[in-house]
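Chemist:
If you want it as structure tokens, here you go:
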């Protein structure tokens, strides 16, 4: 279908059509320039090219069709929202748009200027009515991970039904576990009330399996990037990670496994992208919501591949699986807690676990250096960079901290810094 | 005693004497310029003038003497640290320096530049060894109220013993209460271990009484400011609030009650400071650690009085008392929780309680307008300003939001904004 044919659907969703057209055109051009100009891409990326071309079209139509069939759509924004419970209630979870400079002027009509671009961007998409995912949602689920998100959800509640889960920030106490588990149970009730479906043990087990399979497929793709040459660009791998928050889960898992098959074959054949004599960079830090491809594209434009992402769009999402130790509902919910509380977001204190994970990952992926991404005004990742840098230094892995927003003003400056950084790195 | 005579003590505390001298001279000059030039001050402020002149001298000597007698000093920074448990363990709690631009360059050798000046300032005082309170402390107690403090405590732990309490951010659930209560109990144990003193019911009851008396005295002073003309300048009242975090509790309570007596008499006699035909402003928002007198001094330099502070240095500290419902240790600890969880810091979500309190206070103090203070990069108060502004507007009270740090570059700009703001206000 063409955009013109989708226009009716977008209008029904309450989008600002004129503005939305501007966004779509910019997205298509940006994608073409960055992705389609890459050389020697895996054939399996064809599917993801198609998905992105239909990201506001076909996929939204699927969501709208589900809504017409009485199903619910949940919008979320953070790994701590247990999607297993969403799917167990026969609802669908989608990521919210939040990676574009485009929507920030709309956000700044309400919010302060000096908060994280991701938060401003997602809020701006709602205020400006330019995100069909947002406008498809029956409920947005937030969390108390960081100050900016936590307080913006309160403001967002004036625009759309919003539910907030508390995430405790010290994870080593019994009471912290009790609070988190109780929040997971409250969220289960919330999903049951919203959908009218009781979450039974079997449907939750099936949802756990569904999401675990998705994560295993993503982990397979990630594992292939340990090879030299890396079989896929960082930019393409990033896109796969980003799409995991939007696409239909079963289809995404199938296509990601097909891509993994191809990448494993590439590795066996010694086929890859880029020059294996160059250093390899690992990305660590704040997440990159779609279409934030800024740092990856800058880094790879210098001829150096990104081989891993220690990020919520990346390893933090797919590394651990939900693995119940028993068959009761309590066991299933505890397994969800067990998995989720192991995701080392910088919101935790202390967070030595993340520091260790970054160092371990850099070694596992043979990274010559780490580019540490701080979204502007993100206090947690910014301050945690001090400890990460110290630990990486001790392990002999140099780190470059880049604090940036979604603007293009600093692109050349960042490119120069990345070039200077990689020049001093020896290939691993 | 003279500064020269204290030099030995400061040296023993590990202070950087040269730097500390520069600080003391700047402090004395700033205080003289701002406070001693005020007209018609209450005689009771003489005590506070003396305390500030000895804030790094006599008071520190008292702390050092206590340390020599085997007692412990706890440094803290936030109303959520239950000082009742500190005093019940026969330790002393002091505020940490955190209101001066002076220490920020030292902080920025380690921390990012774009975080709250209060956090940078207190950290810089430790790194630069210029705060005798910090260097007197046996332990610093932090909390998880905001991202910047939470993550900086982790870094601070490399410099000084640091203990962190978790403060849950949703306060309306059973589990949140359970977590908070358990954190209060853990803190009790922590104090017992540090001091070697078991906290008995009687000592805790006595400590609750001690702190309640202090707060009642402060509330008395605050209540007198509802009169027109106000019997005390905002600057002087702010100083009393600030000193409550440093001074000996019993002496402070005595002297604050004496001041309250005088102010009540002033009100009875119709004596006050400033021109009763002018508008009256209320202050709301981020706290002002000593010697942050910036906004109050700018506002009052325009001839308009500040009549109340909805802030942690202000009403949030002294409004509610710990009022046990029973006599058991559990009742006492629950009463502490009950009081503390009622302090409406912007870290909570949702935080409608604070919004209501701001509006109520503005009415109680006959404020013509509210100046809302955001310390630069403080996300929680900054974003919460949206809801506060809306509620005040509805109540017919105009609000001026001022986002500022500790620098002097924006003083004239803020003065112009305050003047323009008060010009449009009618006196109440």
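Protein chains in written order, with this note's numbering: chain E, 0 to 427; chain R, 0 to 427.
All residues carry an ideal CB built from backbone N, CA and C; glycine is no exception.
Can you name the start and end residues of the alpha helix (DSSP H) that residue 314(R) belongs to?
Modeler: Stepping through the second chain from its first residue, residue 314(R) is reached at position 315. Counting along the chain, the alpha helix (DSSP H) containing residue 314(R) begins and ends at 314 to 317.
Chemist: What is the C-beta distance between residue 280(E) and residue 230(E), in whole angstroms, given that I count them as a contact (C-beta under 8 Å)?
Modeler: Along the first chain, one-based indexing puts residue 280(E) at 281. Along the first chain, one-based indexing puts residue 230(E) at 231. Not a contact, Cβ separation roughly 16 Å.
Chemist: Would you be able to state if there are at least three C-beta pairs under 8 Å between the stretch 371 to 390 of chain E and the stretch 138 to 156 of chain R?
Modeler: A contact exists between the stretch 138 to 156 of chain R and the stretch 371 to 390 of chain E.
Chemist: For the stretch 97 to 125 of chain E, list the alpha helix (DSSP H) runs that are entirely contained and at least 4 residues long, ordered along the chain.
Modeler: For the stretch 97 to 125 of chain E, whole alpha helix (DSSP H) runs of length 4 or above, ordered along the chain, are 103 to 106.
Chemist: Using the rule of at least 16 other Cβ atoms within 10 Å of the residue's Cβ for burial, across every protein chain shown, is residue 269(R) buried or exposed?
Modeler: In the second chain, the residue the question calls residue 269(R) occupies position 270. Burial call: exposed.
Chemist: Expressed to the nearest angstrom, what Euclidean distance is found between the alpha-carbon atoms of residue 56(E) and residue 283(E)?
Modeler: Here residue 56(E) refers to the residue found at position 57 of the first chain. Here residue 283(E) refers to the residue found at position 284 of the first chain. Distance between the alpha carbons of residue 56(E) and residue 283(E): 32 Å.
Chemist: What three-state label does DSSP hand residue 324(R) in the structure shown?
Modeler: Residue 324(R) sits at position 325 when you count from the first residue of the second chain. Correct three-state label for residue 324(R): coil.
Chemist: Does the stretch 120 to 127 of chain R come close enough to the stretch 90 to 97 of chain R that 3 or more CB-CB pairs lie under 8 Å?
Modeler: As far as the Cβ criterion goes, the stretch 90 to 97 of chain R touches the stretch 120 to 127 of chain R, which means the pair count is three or higher.
Chemist: Answer yes or no: do residue 116(R) and residue 374(R) have a C-beta to C-beta separation smaller than 8 Å?
Modeler: Sequence index remark: in the second chain, residue 116(R) carries index 117 (1-based). Sequence index remark: in the second chain, residue 374(R) carries index 375 (1-based). It is a contact, given that the beta carbons lie within the stated cut-off.
Chemist: Do we get a CB-CB distance below 8 Å when we pair residue 109(R) with the residues of chain E?
Modeler: Sequence index remark: in the second chain, residue 109(R) carries index 110 (1-based). Residue 109(R) counts as touching chain E.
Chemist: Can the beta-carbon of residue 164(E) be found less than 8 Å from the beta-carbon of residue 142(E)?
Modeler: Residue mapping note: residue 164(E) aligns to position 165 of the first chain, counting from 1. Residue mapping note: residue 142(E) aligns to position 143 of the first chain, counting from 1. Yes, they are a contact pair.
Chemist: Would you mind sorting residue 224(R) into buried or exposed? The rule is 16 or more other CB atoms within 10 Å of its CB.
Modeler: In the second chain, residue 224(R) corresponds to position 225, counting from 1. It counts as buried.
Chemist: Step through the CB atoms of chain E and report whether any lies within less than 8 Å of the CB of residue 191(R).
Modeler: Within the second chain, numbered from 1, the residue matching residue 191(R) stands at position 192. No, residue 191(R) does not count as interfacial toward chain E.
Chemist: Determine, using beta carbons only, whether residue 348(R) comes closer than 8 Å to chain E.
Modeler: Reading the second chain from its first residue, position 349 is the one you call residue 348(R). Yes, residue 348(R) counts as interfacial toward chain E.
Chemist: Can you check the stretch 386 to 412 of chain R for any beta strand (DSSP E) of at least 3 residues that lies completely inside it and give the ranges in chain order?
Modeler: Qualifying beta strand (DSSP E) stretches, in chain order: 398 to 403.
Chemist: What's the C-alpha gap between residue 86(E) and residue 92(E)?
Modeler: Translated into positions along the first chain, residue 86(E) becomes position 87. Translated into positions along the first chain, residue 92(E) becomes position 93. Taking the straight line from one Cα to the other gives about 7 Å.
Chemist: Within 10 angstroms of its Cβ, does residue 423(R) collect 16 or more other Cβ (buried), or is it exposed?
Modeler: On the second chain, residue 423(R) is found 424 positions in, with the first residue counted as 1. Per the 10 Å Cβ criterion, exposed.
Chemist: Is the separation between the beta-carbon of residue 71(R) and that of residue 90(R) shorter than 8 Å?
Modeler: The residue given as residue 71(R) occupies position 72 in the second chain. The residue given as residue 90(R) occupies position 91 in the second chain. Taking 8 Å as the Cβ cut-off, residue 71(R) and residue 90(R) qualify as a contacting pair.
Chemist: May I have a chain-ordered list of the alpha helix (DSSP H) segments no shorter than 4 residues that lie completely inside the stretch 147 to 227 of chain E?
Modeler: Whole alpha helix (DSSP H) segments, 4+ residues: 173 to 194 and 200 to 223.
Chemist: Taking the beta strand (DSSP E) that residue 232(E) belongs to, which residues open and close that run?
Modeler: In the first chain, residue 232(E) corresponds to position 233, counting from 1. Residue 232(E) -> no beta strand (DSSP E), and no H or E assigned at all.
Chemist: Which residues in chain E sit within 7 Å of residue 378(R), going by Cβ to Cβ distance?
Modeler: Within the second chain, the letter at position 379 stands for residue 378(R). Simply 114, 146, 147 and 150.
Chemist: Relative to the C-alpha of residue 245(E), which candidate in 27(E), 209(E), 276(E) and 50(E) has its C-alpha closest?
Modeler: For the purposes of this step, residue 245(E) is taken as the residue at position 246 of the first chain. Closest by alpha carbon: 50(E).
Chemist: So the candidates are 359(E), 416(E) and 248(E); which of them puts its Cα closest to the Cα of residue 390(E)?
Modeler: For the purposes of this step, residue 390(E) is taken as the residue at position 391 of the first chain. Answer by Cα proximity: 359(E).
Chemist: Rounded to whole angstroms, what's the CA-CA distance from residue 109(E) to residue 21(E)? Just pull it up for me.
Modeler: By 1-based counting over the first chain, the position of residue 109(E) is 110. By 1-based counting over the first chain, the position of residue 21(E) is 22. Whole-angstrom Cα-Cα distance: 22 Å.
Chemist: Looking at residue 295(E) and residue 234(E), is the spacing between their C-beta atoms short of 8 Å?
Modeler: Here residue 234(E) refers to the residue found at position 235 when the first chain is read from its first residue. Here residue 295(E) refers to the residue found at position 296 when the first chain is read from its first residue. Yes. Within cutoff.
Chemist: Alpha carbons only, please: which of 113(E), 23(E), 207(E) and 120(E) is nearest the one belonging to residue 328(E)?
Modeler: To locate residue 328(E), count along the first chain from 1; it is residue 329. If we check each option's Cα against that of residue 328(E), 207(E) comes out closest.
Chemist: By a C-beta neighbour count over all protein chains shown, 10 Å radius and 16 as the cutoff for buried, is residue 419(R) buried or exposed?
Modeler: As a working mapping, residue 419(R) is identified with position 420 in the second chain. Residue 419(R) comes out exposed.
Chemist: Counting only beta-carbon atoms, is residue 241(E) nearer than 8 Å to chain R?
Modeler: Position 242 of the first chain, counted from the start, is the residue given in the question as residue 241(E). Cβ-Cβ to chain R under 8 Å: no for residue 241(E).
Chemist: Mind checking residue 104(R): buried by the 16 CB within 10 Å criterion, or exposed?
Modeler: Taking the first residue of the second chain as 1, we reach residue 104(R) at position 105. Under this definition residue 104(R) is an exposed residue.
Chemist: Chain E partners of residue 169(R), CB-CB under 8 Å?
Modeler: Locating residue 169(R) in the second chain gives position 170, counting from the first residue. Ordered by position in chain E, the residues that pass the 8 Å Cβ test against residue 169(R) are 143, 163 and 165.
Chemist: Measure the beta-carbon distance from residue 137(E) to residue 167(E) and round it to whole angstroms, keeping in mind my assumption that it falls under 8 Å.
Modeler: Position 138 of the first chain, counting from 1, holds the residue named residue 137(E). Position 168 of the first chain, counting from 1, holds the residue named residue 167(E). No, residue 137(E) and residue 167(E) are not in contact; Cβ-Cβ is about 27 Å, not under 8 Å.
Chemist: Am I right that residue 237(E) and residue 292(E) are in contact with their C-beta atoms under 8 Å? What's the rounded C-beta distance?
Modeler: For the purposes of this step, residue 237(E) is taken as residue 238 along the first chain, with counting starting at 1. For the purposes of this step, residue 292(E) is taken as residue 293 along the first chain, with counting starting at 1. With a Cβ gap of about 7 Å, residue 237(E) and residue 292(E) count as contacting.
Chemist: Does the CB of residue 178(E) have a neighbour CB from chain R at under 8 Å?
Modeler: If you number the first chain from 1, residue 178(E) lands on position 179. Yes, its Cβ sits closer than 8 Å to a Cβ of chain R.
Chemist: Chain E partners of residue 297(R), CB-CB under 8 Å?
Modeler: Here residue 297(R) corresponds to residue number 298 of the second chain, with the count starting at 1. Neighbours of residue 297(R) on chain E: none; closest Cβ ~21 Å, over 8 Å.
Chemist: Go through its chain and collect everything with a Cβ distance to residue 84(E)'s Cβ below 8 Å, but skip five positions before and after it.
Modeler: Counting from 1 along the first chain, the entry for residue 84(E) is found at position 85. Only 183, 186, 187, 190, 198, 203, 206 and 335 meet the Cβ criterion.
Chemist: DSSP three-state label for residue 8(R), please.
Modeler: Here residue 8(R) refers to the residue found at position 9 when the second chain is read from its first residue. DSSP places residue 8(R) in helix when its eight states are reduced to three.
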